[in-house]
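Report on the structure given below.
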Amino acid sequence: MAELLFYTKPEILNRENHKDLNFLAVTDLSFSRDVNSVPVLGIEFFEASRDMPILFSRDESGAYFPIALLSLRNEGHDQLNDSGQWKGNYTPAFIRRYPFALTDDKNICFDQDYAGFNVDDGEPLFDEEGANTKTLDNIIEFVTNFDVEHQRSREFCDALTEQELLTPFRLQIMTADKQPLRMDGLFVIDEKKLESLTDDVVSDWFKEGFIAWAYAHLHSLGALRQLGEQLDTR
28 MAELLFYTKP EILNRENHKD LNFLAVTDLS FSRDVNSVPV LGIEFFEASR DMPILFSRDE
88 SGAYFPIALL SLRNEGHDQL NDSGQWKGNY TPAFIRRYPF ALTDDKNICF DQDYAGFNVD
148 DGEPLFDEEG ANTKTLDNII EFVTNFDVEH QRSREFCDAL TEQELLTPFR LQIMTADKQP
208 LRMDGLFVID EKKLESLTDD VVSDWFKEGF IAWAYAHLHS LGALRQLGEQ LDTR
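If you count the sequence shown from 1, you need to add 27 to reach the numbering used here.
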């Protein structure tokens, strides 16, 4: 999973070096315009499934992780209007957390190239005594919760892998100008295998919320039709 997919110049936030730094909230999401999918958290499956299909991909180590498919194109998506605002009902947290993130060693980092950082306008991140402002505390809470739910999502994928529930999903469509488009490297939960889980596994997964996530994923596949309509396909 590309943790810093949109971050062109990440730097660790430091209360000494960045004591005068102000932050203007992100209103233009155009930085995400060139991707066709983003990682998504299990806890997001319910809301995201209304607008976008949730599938699974694999990282360089071969481990599975869930993604929200934003378009059927090889690059880019149509979820933004001309002003860079999200058109759908739900914006994935992976996009909403920009320009901040949590590093592997739990430090807050930010993208220095984000235009909303300055010393004149916006909300300060540190007060005059160098303590966190409420703005920074809220940011830290968000990225920390994101990190916790990311780990839970990984555990969900590990559980799916252990039960051998993920199966390849090959999507092939014909565009309006009769050009074939194929997307590989995607996986879905095998519903028949899901229904065959033993009672003890079902009980454990129910307590963890994994059963609900699995069916939210399956429900989300209906959103493929919406993406097809955006691409003007048949």
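Beta carbons: idealized from backbone N, C-alpha and C, even for Gly.
As assigned by DSSP and simplified to three states, the class of residue i
i, result
"D226", "helix"
"Q112", "coil"
"F33", "coil"
"D147", "coil"
"S64", "strand"
"L129", "strand"
"A52", "coil"
"L107", "strand"
"N165", "helix"
Own chain residues within Cβ distance below 6 Å of residue i, not counting five before or after
i, result
"D154", "T160"
"A243", "F72, F73 and S76"
"H246", "S76"
"Y34", "D138"
"W232", "I238"
"L40", "I135 and F137"
"M265", "Only positions 28 to 261 of the chain appear in the structure, and residue 265 is not among them; the question remains open."
"L248", "P80"
Cut-off 7 Å between Cβ atoms - residues of its own chain near residue i, not counting five sequence neighbours on either side
i, result
"K46", "F153 and G157"
"E102", "D61 and N63"
"P119", "V65, V67, E71, A75 and A95"
"L51", "G143, D148 and G149"
"V170", "R124, F127, A128, L129 and I135"
"E30", "A128"
Rounded separation between residue i and residue j - CA only
i, j, result
"T162", "E168", "10 Å"
"R261", "S98", "Because the pLDDT of R261 is 46, which lies under 50, any placement of that residue in the model is unreliable, and the question is left without a value."
"L187", "A95", "18 Å"
"L192", "E150", "46 Å"
"E87", "L213", "14 Å"
"N108", "T54", "12 Å"
"Q190", "Y141", "42 Å"
"N116", "Q106", "10 Å"
N-terminal and C-terminal residue of the beta strand (DSSP E) that residue i is part of
i, result
"L82", "I81 to R85"
"E38", "P37 to I39"
"I135", "I135 to D138"
"I94", "Y91 to L96"
Extent of the continuous alpha helix (DSSP H) run through residue i
i, result
"Y242", "F237 to S247"
"I122", "A120 to R123"
"F72", "F72 to A75"
Cβ-based neighbour list, residue i, same chain, cut-off 8 Å, excluding 5 preceding and 5 following
i, result
"V229", "I238"
- [ ] Taking only runs that begin and end inside the segment 167-216, name each unbroken beta strand (DSSP E) of 3 or more residues, in chain order.
- [x] Uninterrupted beta strand (DSSP E) stretches at least 3 residues long and entirely within the segment 167-216 occur at 193-201 and 207-216, given in chain order.
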